[in-house]
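To get the numbering used here, take the position in the sequence shown, counting from 1, and add 403. C-beta: ideal position from N, C-alpha, C; glycine also. Below is one structure, written out as structure tokens; comments come after it.
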Amino acid sequence: MHFADFFAGSFGGACGVAVGYPLDTVKVRIQTQKQFAGIWHCIVTTIKKEGVHGFFKGMALPITTISMTSSVVFGTYRNCLQCLAQIRGIGAPNSKLDVFLSGLAAGVAQVSVMSPGDLVKVRLQCQTESKRSGLKPRYSGPMHCLLSVARDEGISGLYRGALPLAFRDGPSFATYFLTYSTLCSLLTPAGQKETEWTVVLLSGGLAGTAGWSVGTPMDVIKARLQMDGVRGERRYRGLVHCVTETVRNEGPGIFFRSLGINCLRAFPVNMVVFAVYEVSVRVLRSASVEPL
């Protein structure tokens, strides 16, 4: 089993959150709140009403849990590749289908770990109340939000939006890893064992953009189900009802309203994720083979 990938994935994921969180907050708000006319309007309004702190609401829990979820993603991906290679025979190279299926498995595998933290993140990001406005927010912080949801909605409430999260991350990570693997293969000269860092950065950025291009529509549905009922009566009976009601009331274009900001955020975030991942995994693997 490739344990180095679990550790390296956790480091890369944590660094990615730190880089991309402010734009993630803007993305969530324009997905769930109609008061914002667009990306720039959301940014200006947030700074005016909440200050810079408004972009980092709910960050404490994701920065701690993302290490676990990224560890699951990269560890599952690498070990699935190993299993598929063994099925083909010793020394058999992985095919593009192997990469796609391993990415799909990795995306779905992280849902059980990621869902509660993601729900807390979204709810805190959507709290526009602040000391400046004189309004008391519903949740005072990540742990208060987590415990409040568990108390008011039960443990199942922490997993609201888990199904669309799986439908988002399965195809998204399959595309993500396939894009990264393909670009690294194309841009690395034959016979060269390690990928150059410029290729890692470019491939990682483009992989993140490709992954979010696939995952954005279901990301909208996930966020809406996670926020449903927080500010009033529940509107949606489930995933299918949320999709049909969203299309009926706002048109199919709403699924791509946040695509621009997702791609804008994904490029630098995943440059960092893959750079840190590659550095970490190379260091860990080299250390593991050094003689005692």
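Roughly how many angstroms separate the alpha carbons of residue i and residue j, rounded to a whole number?
i: F458; j: T428; result: 6 Å
i: A463; j: R526; result: 13 Å
i: I450; j: K430; result: 15 Å
i: T585; j: L504; result: 14 Å
i: R403; j: R563; result: Nothing in the structure corresponds to residue 403, since the chain is present only between 404 and 695.
i: S588; j: N665; result: 26 Å
i: L426; j: L484; result: 32 Å
i: G608; j: V420; result: 14 Å
i: R651; j: Q528; result: 26 Å
i: V679; j: A411; result: 7 Å
i: S518; j: W600; result: 32 Å
i: Q434; j: S661; result: 7 Å
i: A553; j: Q438; result: 29 Å
i: V672; j: C486; result: 29 Å
i: I657; j: E532; result: 25 Å
i: S515; j: S551; result: 19 Å
i: S606; j: E453; result: 36 Å
i: K499; j: Q530; result: 42 Å
i: T467; j: Q629; result: 20 Å
i: L667; j: P620; result: 16 Å
i: D631; j: K596; result: 49 Å
i: P655; j: I442; result: 19 Å
i: A669; j: A565; result: 21 Å
i: F570; j: K524; result: 19 Å
i: E681; j: G618; result: 24 Å
i: V455; j: A495; result: 51 Å
With burial defined as no fewer than 16 other Cβ atoms inside 10 Å of the residue's Cβ, what is the status of residue i: buried or exposed?
i: P694; result: No answer about P694 holds up, because its pLDDT of 41 lies below 50 and its placement is not dependable.
i: F659; result: exposed
i: T582; result: buried
i: G478; result: buried
i: I490; result: exposed
i: K625; result: buried
i: R634; result: exposed
i: I469; result: buried
i: L522; result: buried
i: A440; result: exposed
i: A610; result: buried
i: Q436; result: exposed
i: P574; result: buried
i: V643; result: exposed
i: P567; result: buried
i: S559; result: exposed
i: G537; result: exposed
i: K539; result: exposed
Less than 8 Å between the CB atoms is what I'm expecting for residue i and residue j, so what's the real figure, rounded?
i: D572; j: G641; result: Contact flag wrong, Cβ pair sits at about 19 Å.
i: S689; j: F414; result: In fact, because the Cβ distance is near 16 Å, the residues do not count as touching under 8 Å.
i: V602; j: C418; result: With a Cβ gap of about 19 Å, V602 and C418 do not count as contacting.
i: E648; j: R638; result: 7 Å
i: F576; j: V476; result: 7 Å
i: R481; j: D408; result: 4 Å
i: G520; j: Y579; result: Contact doesn't hold; Cβ gap of about 20 Å is too wide.
Is residue i close to chain B, meaning its C-beta is less than 8 Å from at least one C-beta of that chain?
i: I664; result: Among the protein chains of the structure shown there is no chain B, as only one such chain exists.
Query raised in the report: Taking contact to mean at least 3 C-beta pairs separated by less than 8 Å, is the region 606 to 616 in contact with the region 547 to 565?
Result: no
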